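*Asks:*
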Amino acid sequence: MNLRRAQVTAIFRLLTVICVLAGIVLTAAGPATVTGLLPYFTIQSNVAVGLVAGYAAWLAWHDRPALSPVFTGAVTLYITITGVVYHLVLANPASPFAMPQPDRDLVDAAGNQFLHTVVPLLAVLDWLILQPRGRLRLRYAGYWLAFPLGYLGFALLRGLVVDHYPYPFVDAGQLGYLGVAVSAVFFAVAFWLLGLAFVGLDRGLARR
């Protein structure tokens, strides 16, 4: 990587880190609290993007080898899930799992958009433009499901303790465990297919 490209790459990734921090700080400045936000997949995936982008920026600035595409592919998939599920499922009035959208003030609305729209778009752009190509395999799409499935277990166990579930599709109190299992299978298949799409796109870009 030449010096100018390395610097531009590092600056772009630092912008991603700033957007992650802005999203969390602005959201926490509203009715939510930092500890109240932590159980959400949105926050966990954004934090993962911020940490990876920050480290990747340091690597690029110092002209070090990039992070493993398997790892960056996983993190990109998780933040893509955050954006897609929010816009198509949670904030979509036609969705059976739509969540009531509160009247947000400007600060809270900005934080919400950073976390669910801006950061996912920046992460996908980074993956499309700046990541090495042709190293992903079809089996990785299955491996990448480990974190979402682990998160499901965490959400269910936490729900037993605090009687609150972060998302309606994991709400065992409303759906029952059978209903949660059905929704989990649906989302797992959808996320697996999305992961396969990432692998296929990686291969297509590598050939070009």
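Here the sequence shown is numbered in our numbering, starting from 12 and rising by one per residue. C-beta atoms are modelled at their ideal positions from N, C-alpha and C, and glycine is treated no differently. Bear in mind the structure is a predicted one, so any value in this text is a computation, not a measurement.
From the DSSP output, in three-state form, read off Ser-56 for me.
*Replies:* Here residue 56 is taken as the residue at index 45 of the sequence shown, counted from 1. Shown here, Ser-56 sits in a helix according to DSSP, grouped into three states.
*Asks:* Where do the N-terminal and C-terminal ends of the alpha helix (DSSP H) with Leu-160 fall, by residue?
*Replies:* As a first step, residue 160 must be located in the sequence shown, where it is residue number 149. From DSSP, the alpha helix (DSSP H) with Leu-160 extends over 157-173.
*Asks:* What is the residue span of the alpha helix (DSSP H) that Leu-99 lies within?
*Replies:* Residue mapping note: residue 99 aligns to position 88 of the sequence shown, counting from 1. That residue, Leu-99, is in no alpha helix (DSSP H); it is neither H nor E in DSSP.
*Asks:* Of all the options Gln-124, Thr-20, Pro-159, which has the alpha carbon lying nearest to the alpha carbon of Leu-7?
*Replies:* The chain is shown from 12 up to 219; residue 7 falls before or after that span and cannot be answered.
*Asks:* Is the stretch 125-136 touching the stretch 165-176, taking contact as three or more C-beta pairs under 8 Å?
*Replies:* Too few Cβ pairs lie closer than 8 Å, so no.
*Asks:* Which of the three DSSP states, helix, strand or coil, is assigned to Gly-41?
*Replies:* Translated into the one-based positions of the sequence shown, residue 41 becomes position 30. Looking at Gly-41 - three-state DSSP - the assignment turns out to be coil, as it is neither helix nor strand.
*Asks:* Identify whether Ala-152 lies in helix, strand or coil by the three-state DSSP scheme.
*Replies:* Translated into positions along the sequence shown, residue 152 becomes position 141. Reduced to three states, the DSSP call for Ala-152 is helix.
*Asks:* Curious, which full-length beta strand (DSSP E) runs of at least 3 residues does the stretch 107-154 contain?
*Replies:* Qualifying beta strand (DSSP E) stretches: none in this window.
*Asks:* Look up Pro-80 in the DSSP assignment and say whether it is helix, strand or coil.
*Replies:* Along the sequence shown, read from residue 1 onward, the residue named residue 80 stands at position 69. Helix, per DSSP.
*Asks:* Within the chosen definition, does the stretch 144-157 reach the stretch 46-64 through at least 3 CB pairs nearer than 8 Å?
*Replies:* no
*Asks:* Return helix, strand or coil for Pro-104, following the three-state DSSP convention.
*Replies:* On the sequence shown, position 93 is the one that residue 104 refers to. It is coil, neither helix nor strand.
*Asks:* Please state whether DSSP places Asp-213 in a helix, a strand or coil.
*Replies:* Against the sequence shown, residue 213 aligns to sequence position 202. Residue state, collapsed to three classes: helix.
*Asks:* Hey, out of Asp-114, Leu-88, Thr-27, Pro-159, whose CA is closest to Asp-213's CA?
*Replies:* To locate residue 213, count along the sequence shown from 1; it is residue 202. Closest by alpha carbon: Leu-88.
*Asks:* From Leu-205, Leu-160, Val-81, pick the residue whose C-alpha is nearest to that of Ile-92; which is it?
*Replies:* Sequence index remark: in the sequence shown, residue 92 carries index 81 (1-based). Of Leu-205, Leu-160, Val-81, the residue nearest in Cα terms is Leu-205.
*Asks:* For Leu-49, which three-state DSSP category applies?
*Replies:* Residue numbering aside, residue 49 sits at position 38 when the sequence shown is read from its first letter. If DSSP states are grouped into helix, strand and coil, Leu-49 belongs with coil.
*Asks:* Below 8 Å, can you find three or more Cβ-Cβ pairs linking the stretch 30-39 to the stretch 92-111?
*Replies:* no
*Asks:* Taking 7 Å as the limit between beta carbons, can you name the residues of its chain near Leu-163, skipping five residues before and five after?
*Replies:* As a first step, residue 163 is located in the sequence shown; it is residue number 152 there, counting from the start. Around Leu-163: Val-181, Ala-195.
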